[in-house]
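A short write-up of the structure that comes next.
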Amino acid sequence: MTYIYPAVVYKEYEDEPYVFVLADVGIVCEGDTIEEGLLEAKSQLKIYIQCVKKFDADLPSPTSYEKLVKKFVDQRVLLVECDVAEDDYGEFTKIF
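Dropping the structure here:
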């Protein structure tokens with residue numbers, strides 16, 4: 002199944018990494034480039050979803066992209082997408 006969550010992306014200072022905030026799922030990560038940050042955000046989102054599914058917890062609904070674009074007019078808003086197969090939930094336990 003494909004999951005998509007919005008991320009607010011910002012860079013505080015020019016010499017610092019890009020920060021990705023996926024507030025709906027409590028993920029904050031960074032990357033030296035937007036591409037690196039996006040890959041890290043996808044990876045962390047996948048682990049988060051695997052964990053939620055493994056423990057049969059509730060997955061929060063994503064905030065609408067349009068709502069975040071209106072709220073954070075000075076930052077980028079990107080959609081972070083990851084695929085998690087039904088039999089992929091066991092991978093979570095391999096990480097720890």
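Each residue of the sequence shown is one higher than the one before, counting from 2 in the working numbering. Quick reminder that beta carbons are idealized off the backbone N, C-alpha and C, glycines included.
Other residues of its chain near residue i: CB distance less than 7 angstroms, five sequence neighbours each side excluded
{"i": "glutamine 45", "result": "Ile28, Cys30"}
{"i": "isoleucine 35", "result": "Val10, Tyr19"}
Other residues of its chain near residue i: CB distance less than 8 angstroms, five sequence neighbours each side excluded
{"i": "alanine 24", "result": "Val9, Thr64"}
{"i": "glutamine 76", "result": "Val9, Val10, Tyr11"}
{"i": "leucine 33", "result": "Sequence check: residue 33 is aspartate here, not leucine. Correct list, in chain order: Pro18, Tyr19."}
{"i": "aspartate 16", "result": "none"}
Contact set for residue i: own chain, Cβ-Cβ below 6 angstroms, skip 5 residues either direction
{"i": "isoleucine 50", "result": "Tyr4, Val85"}
{"i": "alanine 42", "result": "Ala8, Phe21, Cys30, Val81"}
Requested in this report: For the region 13-20 and the region 57-68, state whether three or more C-beta atom pairs, one from each stretch, are separated by less than 8 angstroms.
Outcome: no
Report task. Could you name each continuous alpha helix (DSSP H) segment of 4 residues or more that falls completely within the region 6-87, going from the start of the chain to the end? Result -> 35-55, 66-72
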